[in-house]
Amino acid sequence: MKILVGYKRVVDYNVRIQVKSDGSGVVTDGVKLSANPFDDIALEEALRLREKGVAEEVIVVGIGPADLTAHLRNGLAMGANRAIHVVTTDAVQPLTAARVFLKLIEKEQPGLFIVGKQAIDDDANQTGQMLAALWDRPQATFAGKIDVSIESGTTGKVTVTREVDAGLEVIEAELPAVITTDLRLNEPRFIKLPDIMKAKSKPIDSIEFASLGVEAHDHLKTTHYAAPAKRSKGVMVKDAAELVAALKQKGLL
Amino acid sequence: MSKILVIAEHLDGKLNLSTARAVSAAVAVKPEAIDVLVLGDNVDAIATDAAKIEGVSRVLTVARAENAHPLAAVLAPQIAKAADGYSHVFAPSTTFGKDVAPRVAALLGVAQVSDVMSVESSHSFKRPIYAGNAIITVEANADHAVVATIRTASWPAASSSSNSAPIEAMTLDVTLPTHTRFVELKQGSSDRPDLQSAGKVVSGGRGVGSKENFEIIYKFADKIGAAVGASRAAVDAGYVPNEMQVGQTGKIIAPELYIAIGISGAIQHLTGIKDAGTIVAINKDGEAPIFEIADLGLVGDLFKLIPELEQIVN
Numbered sequence: 013m014k015i016l017v018g019y020k021r022v023v024d025y026n027v028r029i030q031v032k033s034d035g036s037g038v039v040t041d042g043v044k045l046s047a048n049p050f051d052d053i054a055l056e057e058a059l060r061l062r063e064k065g066v067a068e069e070v071i072v073v074g075i076g077p078a079d080l081t082a083h084l085r086n087g088l089a090m091g092a093n094r095a096i097h098v099v100t101t102d103a104v105q106p107l108t109a110a111r112v113f114l115k116l117i118e119k120e121q122p123g124l125f126i127v128g129k130q131a132i133d134d135d136a137n138q139t140g141q142m143l144a145a146l147w148d149r150p151q152a153t154f155a156g157k158i159d160v161s162i163e164s165g166t167t168g169k170v171t172v173t174r175e176v177d178a179g180l181e182v183i184e185a186e187l188p189a190v191i192t193t194d195l196r197l198n199e200p201r202f203i204k205l206p207d208i209m210k211a212k213s214k215p216i217d218s219i220e221f222a223s224l225g226v227e228a229h230d231h232l233k234t235t236h237y238a239a240p241a242k243r244s245k246g247v248m249v250k251d252a253a254e255l256v257a258a259l260k261q262k263g264l265l
Numbered sequence: 040m041s042k043i044l045v046i047a048e049h050l051d052g053k054l055n056l057s058t059a060r061a062v063s064a065a066v067a068v069k070p071e072a073i074d075v076l077v078l079g080d081n082v083d084a085i086a087t088d089a090a091k092i093e094g095v096s097r098v099l100t101v102a103r104a105e106n107a108h109p110l111a112a113v114l115a116p117q118i119a120k121a122a123d124g125y126s127h128v129f130a131p132s133t134t135f136g137k138d139v140a141p142r143v144a145a146l147l148g149v150a151q152v153s154d155v156m157s158v159e160s161s162h163s164f165k166r167p168i169y170a171g172n173a174i175i176t177v178e179a180n181a182d183h184a185v186v187a188t189i190r191t192a193s194w195p196a197a198s199s200s201s202n203s204a205p206i207e208a209m210t211l212d213v214t215l216p217t218h219t220r221f222v223e224l225k226q227g228s229s230d231r232p233d234l235q236s237a238g239k240v241v242s243g244g245r246g247v248g249s250k251e252n253f254e255i256i257y258k259f260a261d262k263i264g265a266a267v268g269a270s271r272a273a274v275d276a277g278y279v280p281n282e283m284q285v286g287q288t289g290k291i292i293a294p295e296l297y298i299a300i301g302i303s304g305a306i307q308h309l310t311g312i313k314d315a316g317t318i319v320a321i322n323k324d325g326e327a328p329i330f331e332i333a334d335l336g337l338v339g340d341l342f343k344l345i346p347e348l349e350q351i352v353n
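Going down the list, the protein sequences come from chains A and B. Residues 13 to 265 (our numbering) are what the first sequence spells out, left to right. Residues 40 to 353 (our numbering) are what the second sequence spells out, left to right.
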């Protein structure tokens, strides 16, 4: 079977983002961009499933402007067989992304769609679930462990251990299905130089967003950006006694 | 006028406190009605608890064997059907709400507002992005229902003493999928207060050094009646189970007192505790970023300081 991997490019997780003083957005010019960490985990898991013989082909899919190809090449260098680039300069919200991915699913007929549980820029945590709903297939969110057993083609089942507030929940779902990855699923591999060279000859299909016939109407309008309220500067205490006294004074102990 | 449907979260026949927090956010919209929807197999005790929450107009229950476990694929079509006639559908922004609400939104063909921190008007909300480093105001389309998850750390639990809302059993004519099945839930058993609702939380990080050393954190927490949390580093190192993780990708909490021990304070961890009343940091590295947001900081060796603290608290 094929596995499709949602592969978003975001502001690097180490960057401390700055809000523009006029409240119109955050500063992203010249800021380092990287793969969304959860999507790297999604790709790593797909590659491992291919190495186990569960999948034959891993395809990274991304939505973004022309220069997103450089990001998709990283996915190819990590080991994906090919990439699909849906080209648009507009920012895409989760519901639109899910509608785009559904179009790609209809064309590629994968057994699994794996994507990160959330993107660290909009922190929405929606796309995988929305895609599963539109596709009318199972969802296994916040996956910490994945076991796939294939019967034939894209039929089979997946057993997923999910990281939920109460502990670890195990569910079983029939394929095809959508899985969203949590942090502890795996440790993504590093890209080696020869793989970067090899990735240059791997195919990237470009599809114009407009040609997909997806309703691009974004329902949420962001009207203002603000920096979070700052906590006032605290004080350093010199020893345990002083700390306990301070907490008792605040009525906390 | 607004009518809000709040999706109840529950486990083992008990209502989760996150439901009362979501009701608080619903009250802030000033709607004409707030109904709580309880989906389960045995719903009576849960519905009785939900009916006591102040501000709740009605409790609607759907009792079906298929609802025994909170599978999003099974619950979402029922919620989408029940949402008919409501202007808003709210769920807590817990792993339960995050799993099911976007599936409901997509079935309704609407966008979702995740992690609502404040209600500006019936269709305008504030929410955090970039791990809480920016707060945006978003406006939802007023032509159709608003689906939102409520950031529990931003809202107090609505009081549950005075109300006695009517409880109505519902039958929803929805065909449910059988492609997703519950297998088991492995819970870390703990007699300590629940991390997400505790007034005091003591957290340990990489500096604690080992699973065995974490005992010192548990002991101190028990002494002051606190829940125990952990940084991602402590979870990844295997000191504690994953459900104890506090941060952007773990639990977001707002206790009155948060004591971070041996935690350096990565952006992703700070996201989880920014709304705590008082933050105390104990770390041997005086330059650790945790001290930038701590109200009270103490530099030193935790293995020396924690026993001292225990002694003085006595």
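From the three backbone atoms N, C-alpha and C, an ideal C-beta is built for every residue, glycine too.
Any idea which residues DSSP pairs residue i with across the strands?
{"i": "residue 229/A", "result": "According to DSSP, residue 229/A bridges with nothing at all."}
{"i": "residue 164/A", "result": "167/A"}
{"i": "residue 160/B", "result": "163/B"}
{"i": "residue 50/B", "result": "53/B"}
{"i": "residue 317/B", "result": "296/B"}
{"i": "residue 322/B", "result": "338/B"}
{"i": "residue 183/B", "result": "Residue 183/B pairs with nothing; no bridge assigned."}
{"i": "residue 127/B", "result": "43/B and 185/B"}
{"i": "residue 23/A", "result": "45/A"}
{"i": "residue 237/A", "result": "175/B"}
{"i": "residue 61/A", "result": "DSSP lists no partner for residue 61/A."}
Between residue i and residue j, is the Cβ-Cβ spacing less than 9 Å?
{"i": "residue 221/A", "j": "residue 194/A", "result": "no"}
{"i": "residue 146/B", "j": "residue 145/A", "result": "yes"}
{"i": "residue 223/B", "j": "residue 177/A", "result": "no"}
{"i": "residue 186/B", "j": "residue 152/B", "result": "yes"}
{"i": "residue 337/B", "j": "residue 249/A", "result": "yes"}
{"i": "residue 301/B", "j": "residue 248/B", "result": "yes"}
{"i": "residue 357/B", "j": "residue 84/B", "result": "There is simply no residue 357/B to check, as chain B begins at 40 and stops at 353 in what is shown."}
{"i": "residue 298/B", "j": "residue 320/B", "result": "yes"}
{"i": "residue 171/A", "j": "residue 180/A", "result": "no"}
{"i": "residue 117/B", "j": "residue 211/B", "result": "yes"}
{"i": "residue 124/A", "j": "residue 15/A", "result": "yes"}
{"i": "residue 142/A", "j": "residue 107/A", "result": "yes"}
{"i": "residue 38/A", "j": "residue 168/B", "result": "yes"}
{"i": "residue 304/B", "j": "residue 332/B", "result": "yes"}
{"i": "residue 207/A", "j": "residue 95/A", "result": "no"}
{"i": "residue 22/A", "j": "residue 45/A", "result": "yes"}
{"i": "residue 73/A", "j": "residue 19/A", "result": "yes"}
{"i": "residue 348/B", "j": "residue 256/A", "result": "yes"}
{"i": "residue 166/B", "j": "residue 190/B", "result": "yes"}
Note down, in chain order, each residue of its chain lying with its Cβ closer than 7 Å to the Cβ of residue i, except the 5 sequence neighbours on either side.
{"i": "residue 149/A", "result": "188, 189 and 190"}
{"i": "residue 258/A", "result": "249"}
{"i": "residue 31/A", "result": "38, 237, 238 and 239"}
Which residues in the same chain as residue i place their Cβ atom closer than 6 Å to its Cβ, once the five residues preceding and following it in sequence are excluded?
{"i": "residue 130/B", "result": "46, 136, 140 and 188"}
{"i": "residue 272/B", "result": "244 and 245"}
{"i": "residue 65/A", "result": "none"}
{"i": "residue 104/A", "result": "75"}
{"i": "residue 317/B", "result": "296 and 334"}
{"i": "residue 260/B", "result": "241 and 267"}
Give me the chain E residues within the contact set of residue i, using Cβ-Cβ distance strictly less than 7 Å, ordered along the chain.
{"i": "residue 306/B", "result": "This model lacks chain E altogether; the protein chains it does include are A and B."}
What does a CB cutoff of less than 8 Å around residue i pick up in its chain, not counting 5 residues either side in sequence?
{"i": "residue 236/A", "result": "35"}
{"i": "residue 285/B", "result": "234, 240, 242, 268, 269, 270, 291, 292, 308, 311 and 312"}
{"i": "residue 113/B", "result": "105, 106, 215, 216 and 219"}
{"i": "residue 71/A", "result": "14, 15, 16, 17, 92, 93, 94, 95, 96, 120 and 122"}
Flag residue i as yes when its Cβ comes closer than 8 Å to any non-hydrogen atom of the ligand FAD, and as no otherwise.
{"i": "residue 23/A", "result": "The model on display carries no ligand, and the ligand FAD is accordingly not part of it."}
Problem set entry | Cβ contact (3+ pairs, closer than 8 Å) linking the region 134-144 of chain B and the region 42-54 of chain B | yes
Problem set entry | Three or more C-beta pairs below 8 Å linking the region 71-78 of chain B and the region 172-190 of chain B | no
For this session: May I ask you to list, following chain order, the residues of the region 43-77 of chain A that have a beta carbon less than 7 Å from some beta carbon of chain B?
Result: none
Exercise. Are three or more beta carbon pairs between the region 51-62 of chain A and the region 190-198 of chain B nearer than 8 Å?
Worked result: Verdict: no, contact absent.
For this session: Would you be able to state if there are at least three C-beta pairs under 8 Å between the region 242-251 of chain A and the region 162-178 of chain B?
Result: no
Problem set entry | Near-chain B residues of the region 142-162 of chain A (beta-carbon distance less than 9 Å), N- to C-terminal order | 142, 143, 144, 145, 146, 148, 149, 150, 151, 152, 153, 154 and 156
For this session: Scan the region 63-74 of chain B for residues whose Cβ lies nearer than 7 Å to a Cβ of chain A and list them as they occur along the chain.
Result: none
For this session: With 8 Å as the C-beta to C-beta threshold (strictly closer), list the residues of the region 219-245 of chain B near chain A in chain order.
Result: Residues 219, 220, 221, 222, 223, 224, 225, 226, 227, 235 and 239.
For this session: Would you list, in chain order, the members of the region 167-183 of chain B that have their beta-carbon closer than 7 Å to a beta-carbon of chain A?
Result: 167, 168, 169, 170, 171, 172, 173, 174, 175, 176, 177, 178, 179 and 180
Exercise. With contact counted as at least three CB pairs below 8 Å, one residue from each stretch, are the region 110-127 of chain A and the region 115-125 of chain B in contact?
Worked result: no
Problem set entry | At least three beta-carbon pairs within less than 8 Å, the region 162-171 of chain A to the region 202-211 of chain B | no
Exercise. Just checking, does the region 122-132 of chain A make contact with the region 80-99 of chain A on the three C-beta pairs under 8 Å criterion?
Worked result: no
For this session: Using a Cβ-Cβ cut-off of less than 8 Å, list which residues of the region 96-117 of chain A approach chain B; keep chain order.
Result: Answer set for the region 96-117 of chain A: 105, 106, 107 and 110.
Problem set entry | Near-chain A residues of the region 140-151 of chain B - C-beta to any C-beta below 7 Å | 141, 142, 144, 145, 146, 149, 150 and 151
Exercise. Closer than 7 Å, Cβ to any Cβ of chain B: which residues of the region 195-215 of chain A, in chain order?
Worked result: 195 and 196
Exercise. Quick one, which residues of the region 127-141 of chain B are near chain A if we go by CB-CB under 9 Å, in chain order?
Worked result: 132, 133, 134, 135, 137, 138, 139, 140 and 141
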